[in-house]
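Numbering (our numbering), first residue to last: 9 to 458. Data first, discussion second: the structure below is written as structure tokens.
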């Protein structure tokens with residue numbers, strides 16, 4: 009492990025990308041501790057504590073939002089909205105690209121993806137303004153959420169403070185979005201996913217402290233439950249690594265070509281199709297959508313019977329069978345959806361034909377594209393089911409143990425998936441420079457010794 013890290017810093021380009029990524033993440037974490045102007049810190053802390061005790065459903069939803077913002081939401085900092093508006097805007101734009109013919113046509117053009125990305129940025133700013141207004145209203149009248157009298161969290165809630173707070177929150181989200189794009193372009197890994205991962209990891213110490221607090225104070229949580237929890241984490245992490253690295257190899261044959269008296273091609277290779285092409289994006293998207301019902305329910309009068317029923321059904325802290333079923337279906341749906349966005353079988357078939365490659369037994373062109381599409385659909389199903397299972401099962405068990413739920417279970421899976429993606433990208437740099445990487449094949453090393 010130490011040698012690949014040393015090799016990574018021997019490559020100038022990779023070293024610059026790693027340092028650049030680390031510096032931007034430091035800036036992000038610093039901004040997550042700068043509180044909005046005019047906020048009474050003591051009243052804010054008391055409000056969140058009261059919220060968790062008096063309104064369990066809404067409290068769990070806000071806890072979910074808080075952990076994705078790296079704790080910035082509970083401290084009401086300039087990055088309180090985090091990257092959630094960008095994720096929501098991305099989901100909306102990708103769905104519209106399938107529904108609206110003009111956007112679908114635009115997405116297939118050479119520069120179409122850039123325009124859709126620009127539209128996503130506009131949508132992020134718009135959603136940030138809307139959510140910023142909702143947060144400022146909540147901070148001015150916190151009693152409407154906890155269902156009882158509560159003092160204001162803002163020292164001087166004038167109209168100018170509202171405008172300043174909304175502008176600050178919107179600018180904070182836009183800046184976080186820019187950080188993520190810069191990491192993707194000039195750093196290492198997928199920037200938005202890395203920012204989410206860093207925010208989640210910032211809350212891990214509190215999660216560990218909660219577990220040990222339960223071990224000491226809660227008589228129902230003993231060493232047996234702790235061992236079960238640790239075993240569950242090992243199984244979830246192992247399952248995530250297994251499904252993330254699983255590949256279906258389609259044999260490809262390249263015909264021989266003679267150029268300038270030299271023979272090129274004639275090699276037998278394979279076309280790798282990942283079982284989980286979408287990575288951890290489906291879980292991130294699913295969690296984002298699952299927060300909306302809880303937020304909307306929290307705005308309705310809590311004394312209504314159907315509101316209390318919906319709050320029980322959609323409570324991430326005490327997940328019901330209905331809640332888990334919806335969560336699993338969203339993961340499966342987004343896995344297929346994002347795979348379709350990422351992989352274009354027609355383009356892959358055209359590239360094979362362009363470079364003289366073909367799949368044995370199949371004609372180049374449409375027949376090859378249909379075969380790739382069918383194979384991708386088949387292998388995505390077990391990948392999606394497995395991803396949904398390793399996301400849902402830990403929620404049920406940790407909720408039963410009373411040490412967490414959706415927050416902790418999804419957090420571990422997202423962190424593992426993003427780390428694997430980042431390591432794979434570093435691995436590609438090391439392989440191109442003929443260095444040993446993190447994922448090198450030990451069997452090849454053993455054969456070389458023999």
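All residues carry an ideal CB built from backbone N, CA and C; glycine is no exception.
- For residue 278, the uninterrupted beta strand (DSSP E) run begins and ends at 276-282, by DSSP.
- Its Cα nearest to that of residue 185, the residue 36 stands out among 321, 121, 332, 36.
- Secondary structure of residue 255 (DSSP, three-state): strand.
- Listed as beta-bridge partners of residue 85 by DSSP are 43.
- The beta carbon of residue 74 sits closer than 7 Å to the beta carbons of 81, 82 from its chain, once the five residues preceding and following it are set aside; these are given in chain order.
- Counting only the Cα atoms, residue 391 lies some 9 Å from residue 252.
- Put simply, the backbone Cα of residue 287 is about 44 Å away from that of residue 167.
- Measuring C-alpha to C-alpha distances from residue 328 to each of 76, 403, 49 identifies 403 as the nearest.
- With respect to residue 347, residue 395 sits apart: the two C-beta atoms are not nearer than 8 Å.
- Each of 136, 194, 188, 295 was checked against the Cα of residue 200, and the nearest Cα belongs to 188.
- In the three-state reduction of the DSSP assignment, residue 199 falls in the helix class.
- Excluding residues up to 5 positions away in sequence, 262 lie with their Cβ nearer than 8 Å to the Cβ of residue 363 in the same chain.
- Look at residue 363 here: in three-state DSSP terms it is coil, with no helix or strand label.
- Between residue 334 and residue 102, the beta carbon gap of about 19 Å keeps them out of contact (Cβ cut-off 8 Å).
- Residues of the same chain with a CB within less than 7 Å of the CB of residue 192, apart from the 5 flanking positions on each side, are 198, 199 in chain order.
- Beta-bridge analysis with DSSP links residue 162 to 47.
- With a beta-carbon spacing of about 6 Å, residue 367 and residue 260 fall inside the 8 Å limit used to define contacts.
- Among the bridge pairs identified by DSSP, residue 138 is matched with none.
- Here residue 111 has 104, 105 as same chain residues with Cβ atoms under 6 Å from its own Cβ, once five neighbours each way along the sequence are excluded.
- Residue 351 sits in coil when the DSSP states are folded into three classes, being neither helix nor strand.
- Its chain contains 398 as the residues whose beta carbon lies nearer than 6 Å to that of residue 247, once the 5 sequence neighbours on both sides are disregarded; these appear in chain order.
- Assigned with DSSP and collapsed to three states, residue 260 falls in strand.
- Of all C-beta pairs linking the stretch 128-135 to the stretch 161-177, fewer than three are shorter than 8 Å, placing the two stretches out of contact.
- For residue 77, the number of other beta carbons within 10 angstroms of its own is at least 16, and it is reported as buried.
- In the assembly as shown, residue 284 is a buried residue. Its beta-carbon has 16 or more other beta-carbons within 10 Å.
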